[in-house]
Structures are given as C-alpha cells and as structure tokens.
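Some notes on the structure that comes next.
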Ligand code: AHN
Ligand code: ZN
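Residue numbers (our numbering): 5 to 339.
Right under this line is the structure:
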C-alpha cells in the first residue's frame with residue numbers, strides 16, 4: 005500500500021462572492037475560512053482476526069504467572085509477533101507479589117522500525133488474574149479467570165495492529181510491550197496499605213529496566229479492558245495528570261474518526277495501572293484507554309471485572325475495531 009498525501013490540511017475556503025445570482029443580503033457576507041484536518045489513510049483492522057487472537061489466548065487457560073498456560077501463551081505471543089517483525093525481545097524477570105510469592109514473569113516486546121528516533125509505545129498486560137475475588141459467588145473467589153477483557157482484549161488489538169502495520173509502517177517507530185504479572189495485586193480479603201506498588205509488577209520491572217538502556221518514547225498508550233460491549237472510555241486521572249496533551253490528541257482523533265460514542269469527554273478517576281509506573285518510573289508520558297463505568301457496576305470497572313464471567317462472550321469485536329482504528333490513526337498521523 006502506498007499512501008500519498010498522508011498528512012495534509014485541507015483548507016476549505018467558502019468564499020461567498022458577489023455574483024449576479026447572489027441575493028443582496030448575502031453580498032456583504034465575509035469570506036469564511038475553515039480549517040479541517042483530514043486524517044491520513046490507515047490499513048484495515050480486521051475484527052475477526054483480532055477476535056481470533058483474543059480466543060487463542062483464552063484457550064491456553066488462565067494465563068496466571070507460574071503456570072504452564074502462562075509459559076505456553078508467552079511462547080505463542082513471541083512467535084506471533086515474530087511473524088510481523090524480527091525485533092522481538094522476551095524480558096524475563098522475577099518479582100515478589102504482595103503475598104510473598106516469587107513470580108517468574110516475561111514482558112514481551114516487539115519493535116517496528118527500530119532505527120527511528122521518534123517512537124510510540126503501545127502496551128497492554130497479557131497475564132490473567134489468579135482469583136475471581138470480585139465474583140458475586142464467594143465459591144469462585146479463588147478461581148483463576150479467563151481475563152477476556154482484563155488482558156486478552158488489549159493484547160488482541162495490539163497483535164492485529166502489528167499484523168496490519170507491518171507491510172507499510174508509519175513514519176514513527178512503534179514498540180509494542182506486553183506486560184506480565186499486572187494482575188497479581190492484593191485480593192479483597194488482603195487489602196493493606198501499600199496497594200500503590202502491588203499491581204503492575206511487569207510494568208514496574210520494565211519501567212526501571214527498559215529493554216533498551218535509556219529507552220524513550222514520544223508518548224505511550226496503555227489498553228485495559230477495551231473489548232467491553234458499548235465501551236465508554238472516560239479520561240483517566242493519571243493520564244490527565246501526566247499526559248494531558250496526549251489525552252487531548254487521542255480523544256480528538258477518535259472523535260474525527262467517528263468514535264465519539266466510545267471516547268467520552270469526561271473525567272474517569274485515577275486507576276493504579278501499568279501506565280502509572282511507566283509515567284512515574286520511566287518518565288514516558290503515557291495514557292490509559294480503559295473502560296470505566298459508574299452505572300451498573302460496584303467497582304467502577306466493567307461488571308465482570310475480576311469475576312469468572314470475564315470470558316470471551318463479553319468481548320465485542322466492534323469495540324476492538326474502534327480502539328484499533330483510533331490507534332492506527334494516531335500512529336499514521338504522527339510526523
Ligand atoms: C486497582 O484496582 C488499584 N487497579 C486495577 C489494575 C487492574 C487490574 N487493571 C486490570 N486489572
Ligand atoms: Zn484485572
């Protein structure tokens with residue numbers, strides 16, 4: 005695919021000139037010059053392909069750190085990304101969870117156009133939670149979850165994005181970072197004072213030990229729970245605190261792309277998520293595209309959050325496409 009005129013500003017000049025057929029009252033009207041930014045063309049993000057990637061991850065079984073499903077899924081993520089770029093790194097690490105368990109984690113990093121200085125970071129967590137501690141049935145509180153929206157959906161979007169950008173890369177470099185051990189945070193029964201550092205163990209490790217020494221990106225975008233049906237992405241608190249210009253840019257592009265029904269211009273509250281550590285420890289302005297809802301949810305997240313109901317049925321292909329399209333527009337819009 006060749007894109008010509010990738011970046012151009014269309015100046016719509018509505019010049020109401022006095023001509024013989026214009027009525028006298030219109031003759032005085034001043035020339036109105038309106039600036040309309042036209043989005044650059046993007047490759048086609050395929051809903052079925054993205055959904056297949058989500059289903060594949062779930063088929064390994066819950067991707068809980070220190071389990072076989074986690075190891076097998078890591079291998080599959082690595083080999084899948086290697087189909088789209090030779091630059092794939094698996095970063096192994098050990099992290100101590102809130103309950104003392106030592107987790108063997110793997111962050112998976114795929115780089116496109118590695119020579120480009122201007123880079124965009126795209127991330128999501130790929131592990132799933134060991135406990136359905138928010139399940140309405142207490143009998144499920146120790147059951148590991150599929151993490152269809154909470155994990156697999158964001159990864160599914162990024163894998164499909166990797167597939168479609170590969171043949172004709174944007175001008176900026178792209179780094180896809182899939183974090184492990186995000187969701188091993190304290191359970192409902194184990195709340196203590198230091199919850200600030202108990203989530204996002206993979207992103208905390210990466211933010212202090214990036215895959216390339218001194219790694220910097222222009223900005224980062226985290227995806228979390230992006231596959232919810234009729235998703236509502238409100239503007240998350242840490243994103244507005246650390247990277248307000250990126251929030252504005254992404255929401256503006258989303259609106260131009262016709263997704264104003266999902267990308268809501270409203271504050272959504274502060275979430276301790278991977279982007280918090282990327283901002284705090286790696287100093288990369290990073291936003292979180294995360295489904296947040298007040299109505300019909302006791303947690304502020306989607307109603308199946310950390311329940312056994314967070315399964316494939318709850319993932320909407322339309323939401324994946326919306327997020328994928330917006331990310332593609334952001335990438336191909338960057339100069
Ligand atoms: C807190 O509940 C403090 N953070 C949520 C992080 C998370 C878990 N995102 C997905 N699962
Ligand atoms: Zn979670």
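Ideal Cβ placement from N, Cα and C applies to all residues, glycine included.
*Beta carbon of residue 89: closer than 7 Å to some heavy atom of the ligand AHN?*
Not one heavy atom of the ligand AHN sits closer than 7 Å to the Cβ of residue 89.
*For residue 75, which beta-bridge partners are listed by DSSP?*
For residue 75, which the question treats as bridged, DSSP gives no partner whatsoever.
*Would residue 208 be called buried (16 or more neighbouring beta carbons within 10 Å of its own) or exposed?*
Classification for residue 208: buried.
_By the three-class DSSP mapping on this structure, what secondary structure does residue 42 have?_
If DSSP states are grouped into helix, strand and coil, residue 42 belongs with the strands.
*Let me have the residue list for the ligand ZN: C-beta closer than 6 Å to any non-hydrogen atom, ordered along the chain.*
133, 154, 187, 310
_Cross-strand partners of residue 283 (DSSP beta bridge)_ = The partner list for residue 283 (beta bridge, DSSP) is empty, contrary to what the question assumes.
*Is residue 62 near the ligand AHN, with its Cβ less than 7 Å from a heavy atom?*
no
*In or out: residue 123 buried (at least 16 other Cβ within 10 Å) or exposed?*
buried
*asked:* Measuring only the C-alpha atoms, how far is residue 311 from residue 58?
replied: 18 Å
*Just to confirm, are residue 321 and residue 51 a CB contact at a threshold of 8 Å?*
Going by C-beta atoms, residue 321 is nearer than 8 Å to residue 51.
*Between which two residues does the beta strand (DSSP E) containing residue 2 stretch?*
Look at the range of the chain in this structure, 5 to 339, and you will see that residue 2 is not part of it.
*On the premise that residue 160 lies in contact with residue 54, defined as a C-beta separation below 8 Å, what is that separation, rounded to the nearest angstrom?*
5 Å
*Within this structure, are the beta carbons of residue 279 and residue 243 separated by less than 8 Å?*
Yes, they are a contact pair.
*In this structure, does DSSP put residue 52 in helix, strand or coil?*
DSSP places residue 52 in helix when its eight states are reduced to three.
*asked:* Nearer than 7 Å: is that true of the beta carbon of residue 158 relative to any heavy atom of the ligand AHN?
replied: no
_the ligand AHN and residue 275: does any heavy atom of the ligand fall closer than 7 Å to the residue's C-beta?_
yes
*Cβ-heavy atom distance, residue 189 to the ligand AHN, below 7 Å*: yes
*asked:* Can you tell me whether residue 329 is helix, strand or coil according to DSSP?
replied: helix
*Identify whether residue 33 lies in helix, strand or coil by the three-state DSSP scheme.*
Because residue 33 sits at a pLDDT of 49, beneath the cut-off of 50, its placement in the model cannot be relied upon, and the point is left open.
*Would you grab the beta carbon distance between residue 145 and residue 261 for me? Rounded to a whole angstrom, and I think it's under 8 Å.*
In fact, because the Cβ distance is near 40 Å, the residues do not count as touching under 8 Å.
*Taking only the alpha-carbon atoms, compute the straight-line gap between residue 140 and residue 339 and give it to the nearest angstrom.*
Looking at the two C-alpha atoms, the distance is approximately 48 Å.
_So, under 8 Å CB-CB, residue 272 and residue 241 are touching, yes? Tell me the CB distance rounded to an integer number of Å._
7 Å
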